[in-house]
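> There's a structure below that I have some questions on.
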Amino acid sequence: MAKNIIVCADGTGNEGGYTPDSNVYKIYKAVNKRFRGTTTNGFQCDEQIVFYDNGVGTAKNKYLRALGGAMGFGFEDNVCDLYKYLASNYEPGDRIYFFGFSRGASTVRACNGFISRCGLAKGRGKQNRQLDELVKEAFEAYKQYETRPQLAENLKQSGRSHGVVPVCFLGVWDTVVALGFPRQTDVTGAVSRTLNKIFEKAEALLDRRWPHNFYHYRLTGNVKYAYQALAIDDERTAFWPHIWREQDRGEEAVVEQVWFAGMHSNVGGGYERSGMASVPLYWMMLRAEKCGLKLEDSALQQALDDSHAHGRMYDSRDSAAMMYRYHPREIEQLCDGRLSGDIRVHRSVIDRINHRTANYAPGLLPAKFDVVDDEPGAAVESRQPGSHTRWSAIRSEINRWVDKRKRLYELMLTFLLTALFAGIAVWLFVDVPEKADGFLGYLADMLDYVVPGFLEGLVHIIVFEYPLALVALLLLARYYIKLRNEYRENTVTACEKLRHLVIEENQSASQAKNDHGTSVEQ
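Straight run, no breaks: the sequence shown in my numbering ends on number 530.
If you want it as structure tokens, here you go:
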């Protein structure tokens, strides 16, 4: 009896049914678990079974939850959960479907790499303890693959393994590989340079205690169909996406990576208002159905009805998220040398640009790209806004303002780190003055309410002993906010100039298409 096995891994902090539904959880709910029959591509399917795994950072313990969210602790357990489920259910002839978002996308990619390097253990009919031992043995071989590949080869050739099994479908939204300490930090000054060195040393030490740099995320020859939806507008370095190198695919494999409007969770889902996220959800569902996955009859229509290219685009660095390192996604740099053709952009991006929805003006669109539709295999339309004579000058202007915003972020970080270390020093070594009455006492009480407890001593020293320093700090904060708003507005203005060129290119392409249609009719 052949079956479809669907494995879903959610993103950081996403817990289906408890947090706003991500696209992964919507896929999980949409699978038709009662289906028996022939799929759209002729596969005789006797059963569809589906497994969903919460993202890292959803542990009940608040400390483990924080470590999972910040550094990806729990990632190994999630990879092994997926592998164990497949091992306990897979039989030759079954078809595997992977879906993942964010770190969940890296989880399914790491699990596929696990299978590709070490094979899939035969776990059907095994007791749970026996199955755990098989998974543990295979995972040890995975960890040591770079130094002792023979362990994995011996395992694949043994009677305890199915060997490398085919994966029918690998669908991911905005893969983020963020394990351990931060990387890819822009060097814009002494603080970032120092932090880079600290993080580099800390990462090396952490990897010895908690190995996490061995996972294999690349495309492998056992994957038949691979699709990735990517976010254009996220501005956090920590969330830069992991693009497949399409040349790694198998001979007959189909790989498609398409960019959509919005932030990380505008593409993978998880915001309260999910109109934008439903656009790449529908795009992915169409491809999964074409590849033999059977969804509930209403699921596709529901995703289409919910799709709204002009929906709300959230701010990836709003409120406390402003502490994330600022760096818009450089699409051309991210894709350089990794694609078989031109960069692909979904038509909904063009629609949002043409309508100027919420003043949408992505500043780092590539100079040349293809516009693609929802339907798999539909013809693409080429766009080359970079051929305009003003393109390079406008991009240079955008890059200048982006660089200024990076440097402003570093100044903010420098100030906050200085305040942090000063506060800790006061907390540990300095006698704090008693609170005074009157206005200064009221002001100190108000500040105590908003700062962490260990900074209260520093606050009291500044308020009661150096009130002029407090005035200077408030003026400095006001000036910082003024600069931040000014730099952002200037960036937007430069991006609007670039948008004008893209709209011109869209109009020219539409006119050429209409002229071609008229000539064909004649």
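Ideal Cβ placement from N, Cα and C applies to all residues, glycine included.
Spatial neighbours of Gly276 within its chain, please: C-beta separation below 7 Å, excluding the five flanking residues on both sides.
As a position in the sequence shown, residue 276 is number 268, starting the count at 1. Around Gly276: Gly19, Ser30, Asn31, Phe109, Ser110, Trp181, Asp182, Ala285.
> Under the rule that 16 or more other beta-carbon atoms within 10 Å means buried, what is Asn493, buried or exposed?
Residue 493 sits at position 485 when you count from the first residue of the sequence shown. Exposed, since its Cβ has fewer than 16 Cβ neighbours within 10 Å.
> Give the DSSP-derived three-state secondary structure of Asn12 in the structure shown.
Here residue 12 is taken as the residue at index 4 of the sequence shown, counted from 1. In this structure, Asn12 counts as strand in the three-state DSSP scheme.
> Which same chain residues, not among the five before or five after Tyr223, have their C-beta less than 7 Å away from its C-beta?
By 1-based counting over the sequence shown, the position of residue 223 is 215. Cβ within range, chain order: Ala118, Gly121.
> Can you list, in chain order, the residues of its chain whose CB lies under 7 Å from that of Gly319, leaving out five sequence neighbours each side?
Within the sequence shown, numbered from 1, the residue matching residue 319 stands at position 311. Arg281, Gly283, Met284.
> Just to confirm, are Pro249 and Leu342 a CB contact at a threshold of 8 Å?
One-based indexing of the sequence shown puts residue 249 at position 241. One-based indexing of the sequence shown puts residue 342 at position 334. Result yes, Cβ atoms of Pro249 and Leu342 sit closer than 8 Å.
> DSSP state of Thr47, grouped into three classes?
Residue mapping note: residue 47 aligns to position 39 of the sequence shown, counting from 1. Of the three classes helix, strand and coil, the one that applies to Thr47 here is coil, per DSSP.
> Leaving out five residues on either side along the sequence, give the residues of the same chain with a beta carbon under 8 Å from the beta carbon of Thr46.
Numbered from 1 along the sequence shown, position 38 holds the residue referred to as residue 46. Gln52, Cys53, listed in sequence order.
> I'd like the list of long-range same chain contacts for Asp456, defined as Cβ closer than 7 Å, with 5 residues on each side in sequence excluded.
Taking the sequence shown and counting its residues from 1, one reaches residue 456 at position 448. Glu464, Val467.
> Grab the span of the beta strand (DSSP E) containing Gly108 for me, first residue to last.
Counted from its first residue, the sequence shown places residue 108 at position 100. Looking at the DSSP string, the run of the beta strand (DSSP E) that includes Gly108 is 103-109.
> Roughly how many angstroms lie between the CA atoms of Val510 and Pro393, to the nearest whole one?
Locating residue 510 in the sequence shown gives position 502, where the first residue counts as 1. Locating residue 393 in the sequence shown gives position 385, where the first residue counts as 1. Val510 and Pro393: Cα-Cα distance of roughly 6 Å.
> Can you tell me which residues form a DSSP beta bridge with Asp378?
For the purposes of this step, residue 378 is taken as residue 370 along the sequence shown, with counting starting at 1. Answer is Arg352, Ser390.
> Report the option in Ser273, Pro374, Leu483 whose CA atom is closest to the CA atom of Pro28.
Within the sequence shown, the letter at position 20 stands for residue 28. The shortest Cα separation from Pro28 among Ser273, Pro374, Leu483 belongs to Ser273.
> Take the Cβ of Tyr150 as the centre, count every other Cβ of all protein chains shown within 10 Å, and call the residue buried at 16 or more, exposed below.
Taking the sequence shown and counting its residues from 1, the one referred to as residue 150 is at position 142. Burial call: buried.
> Indicate whether Leu5 and Gln152 have their beta-carbon atoms separated by less than 8 Å.
Shown here, the chain extends from 9 to 530; a query on residue 5 therefore has no answer.
> DSSP has Ile470 in a bridge; who is on the other side?
Position 462 of the sequence shown holds residue 470. Paired residues: none, contrary to the question.
> Using a Cβ-Cβ cut-off of 7 Å (strictly less than) and excluding sequence neighbours within five positions of Ala366, which residues of its own chain qualify?
Here residue 366 refers to the residue found at position 358 of the sequence shown. Counting only Cβ-Cβ distances below 7 Å, and skipping sequence neighbours, we find Met321.
> Go through the region 145-203 residue by residue and report every complete run of the alpha helix (DSSP H) that reaches 4 residues or more, in order.
Runs of the alpha helix (DSSP H) inside the region 145-203: 157-165.
> Can you tell me the Cα-Cα spacing of Leu476 and Pro460, whole angstroms?
Taking the first residue of the sequence shown as 1, we reach residue 476 at position 468. Taking the first residue of the sequence shown as 1, we reach residue 460 at position 452. Computed Cα separation, rounded: 22 Å.
> What separation, rounded to the nearest whole angstrom, lies between the Cα atoms of Tyr334 and Lys414?
Start at 1 with the first residue of the sequence shown, and residue 334 comes out as number 326. Start at 1 with the first residue of the sequence shown, and residue 414 comes out as number 406. Approximately 6 Å between the Cα atoms of the pair.
> Pull up the distance between the alpha-carbon of Asp445 and that of Val458, whole angstroms please.
Indexing the sequence shown from 1 puts residue 445 at position 437. Indexing the sequence shown from 1 puts residue 458 at position 450. When rounded, the distance between both Cα atoms is 19 Å.
> Where Leu94 and Val287 are concerned, what is the direct C-alpha to C-alpha distance, given to the nearest angstrom?
The residue given as residue 94 occupies position 86 in the sequence shown. The residue given as residue 287 occupies position 279 in the sequence shown. Taking the straight line from one Cα to the other gives about 29 Å.
> Could you spell out where the beta strand (DSSP E) holding Lys92 opens and where it closes?
In the sequence shown, counting from the first residue as 1, residue 92 sits at position 84. Taken as a continuous stretch (DSSP letters only), Lys92 belongs to no beta strand (DSSP E), being part of the alpha helix (DSSP H) at 83-97.
> From what residue to what residue does the beta strand (DSSP E) around Ile57 run?
The sequence position of residue 57 within the sequence shown is 49, counting from 1. Start and end: 55-61.
> Starting from Leu303, follow its DSSP beta bridges and name the residues at the other end.
By 1-based counting over the sequence shown, the position of residue 303 is 295. According to DSSP, Leu303 bridges with Val39.
> Where Leu75 and Gly50 are concerned, what is the direct C-alpha to C-alpha distance, given to the nearest angstrom?
Looking up residue 75 in the sequence shown gives position 67. Looking up residue 50 in the sequence shown gives position 42. Cα to Cα, Leu75 sits roughly 45 Å from Gly50.
> Would you call the region 202-216 and the region 184-191 in contact, with 3 or more CB pairs under 8 Å?
A contact exists between the region 202-216 and the region 184-191.
> Could you pull out every unbroken alpha helix (DSSP H) segment of at least 4 residues lying fully inside the region 211-279, listed in chain order?
Here the runs fully enclosed are 272-276.
> Do Tyr33 and Ser114 have their beta-carbon atoms positioned less than 8 Å apart in this structure?
Here residue 114 refers to the residue found at position 106 of the sequence shown. Here residue 33 refers to the residue found at position 25 of the sequence shown. Contact: no.
> Give the straight-line distance between the Cα atoms of Asn40 and Tyr60, rounded to the nearest whole angstrom.
By one-based count along the sequence shown, residue 40 stands at place 32. By one-based count along the sequence shown, residue 60 stands at place 52. About 14 Å.
> Going by DSSP, what residues sit across from Tyr334 in a beta bridge?
Residue 334 sits at position 326 when you count from the first residue of the sequence shown. Tyr334 pairs with Arg244.
> Opposite Ala317 in the DSSP bridges: which residues?
Locating residue 317 in the sequence shown gives position 309, where the first residue counts as 1. For Ala317, which the question treats as bridged, DSSP gives no partner whatsoever.
> Three-state secondary structure (DSSP) at Gln52?
Along the sequence shown, read from residue 1 onward, the residue named residue 52 stands at position 44. Strand, per DSSP.
> For Leu308, collect the residues of the same chain with a Cβ closer than 6 Å to its Cβ; drop the 5 residues on either side in sequence, then sort them by chain order.
Looking up residue 308 in the sequence shown gives position 300. The residues are Met293.
> Quick one: what does DSSP say Ser400 is sitting in, helix, strand or coil?
The sequence position of residue 400 within the sequence shown is 392, counting from 1. Helix, per DSSP.
> Give the range of the alpha helix (DSSP H) segment to which Ala452 is assigned.
What you label residue 452 is simply residue 444 of the sequence shown in a count that begins at 1. Taken as a continuous stretch (DSSP letters only), the alpha helix (DSSP H) holding Ala452 covers 446-458.
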